[in-house]
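All the letters of the sequence shown, read from the start, carry residue numbers 1 to 221 under my numbering.
The beta-carbon is built from N, C-alpha and C at its ideal position, and this holds for glycine as well.
Please read the structure below before turning to the comments.
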Amino acid sequence: MREACPLCEARLSPFATVTTGRKATGRALAFVECPRCELVVRDPSAWPDRAAEQAHYQLHENRADDPGYRRFLAPSIERMTARLGPGVAALDFGCGPDSALIAVAREAGAAMVGYDPLFAPDEALLRASAYDLVTCTETVEHLHRPRAVFDRIVRLLRSGGWLIVQTGFAPEAARFSNWHYWRDPTHVIFFRARTFEWLAATYGWRVVEIAAPVAVFEKPG
Numbered sequence: 001m002r003e004a005c006p007l008c009e010a011r012l013s014p015f016a017t018v019t020t021g022r023k024a025t026g027r028a029l030a031f032v033e034c035p036r037c038e039l040v041v042r043d044p045s046a047w048p049d050r051a052a053e054q055a056h057y058q059l060h061e062n063r064a065d066d067p068g069y070r071r072f073l074a075p076s077i078e079r080m081t082a083r084l085g086p087g088v089a090a091l092d093f094g095c096g097p098d099s100a101l102i103a104v105a106r107e108a109g110a111a112m113v114g115y116d117p118l119f120a121p122d123e124a125l126l127r128a129s130a131y132d133l134v135t136c137t138e139t140v141e142h143l144h145r146p147r148a149v150f151d152r153i154v155r156l157l158r159s160g161g162w163l164i165v166q167t168g169f170a171p172e173a174a175r176f177s178n179w180h181y182w183r184d185p186t187h188v189i190f191f192r193a194r195t196f197e198w199l200a201a202t203y204g205w206r207v208v209e210i211a212a213p214v215a216v217f218e219k220p221g
């Protein structure tokens with residue numbers, strides 16, 4: 001079991017043990033938590049490799065034009081569209097193979113591009129201070145190296161730029177085993193409100209909103 005938090009590097013402590021599969025035949029799966037930033041971490045021995053991760057993603061049927069998928073992403077879409085306007089440069093970080101946010105932005109006449117390490121790995125898009133708005137929806141829970149990714153996102157945003165994150169917020173340990181979100185094997189880390197507060201303090205962001213399932217930040221000018 002890993003000892004250091006992948007986000008803040010504090011020493012991790014036991015959090016919850018769940019049973020995968022049927023109770024009689026399933027196996028125990030441990031989760032640990034960080035006492036500093038409150039990130040919850042799946043046992044790293046159960047983290048998927050890149051090939052397994054990509055294969056699992058391809059089982060999803062998330063289409064940009066699917067009304068149900070757009071409803072699911074509505075918390076991010078509403079906050080994104082409120083900040084789009086003439087000249088706003090926007091990036092969907094972790095866009096996947098078919099981004100609903102990019103589709104909505106373009107339907108509104110906004111310029112938005114997408115980056116994804118598996119499905120749209122165009123590193124040329126990751127230029128420093130290139131964007132006024134970065135969205136990161138249903139992405140952070142997949143990150144094996146979250147600190148490095150947030151370091152990169154900080155550099156992408158211009159002063160006064162916005163970051164919108166959407167993810168499941170982890171419940172307390174007593175309710176964790178009944179929470180659906182950990183059952184996706186590609187979800188390896190889980191955020192809480194305190195985790196986002198730690199990120200804001202660490203990077204000097206202004207907290208606009210932290211309310212499950214979204215967190216919105218502004219990079220000060």
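Item                                                                                             : Value
Inside the region 91–177 only - alpha helix (DSSP H) runs reaching at least 4 residues           : 100–107, 146–156 and 173–176
Contact test: H142 Cβ vs the ligand GTP heavy atom, cutoff 7 Å                                   : Ligands are entirely absent from the displayed structure, and the ligand GTP is therefore not among its contents.
Of the residues S99, R147, Q58 and L157, the one placed nearest I77, counting alpha carbons only : S99
Inter-residue spacing [alpha-carbon to alpha-carbon] between L84 and L12                         : 39 Å
Contacting residues, own chain, Cβ-Cβ under 6 Å from G94 (five flanking each side not counted)   : D116, C136 and T139
As assigned by DSSP and simplified to three states, the class of L199                            : helix
Residue from T19, E53 and A30 whose Cα sits closest to the Cα of P185                            : E53
At least 3 beta-carbon pairs within less than 8 Å: the region 36–43 vs the region 182–197        : yes
Bounding residues of the alpha helix (DSSP H) (the contiguous stretch that carries F191)         : Looking at the DSSP string, F191 is not in any alpha helix (DSSP H), and its letter there is neither H nor E.
8 Å contact criterion, which A173 and A16 should meet: CB distance rounded                       : 5 Å
Backbone secondary structure at R83 - three-state DSSP                                           : coil
Under the three-state DSSP convention, the category A212 falls into                              : coil
DSSP state of E218 mapped onto helix, strand, coil                                               : strand
Collapsed DSSP secondary structure at E33 in the structure displayed                             : strand
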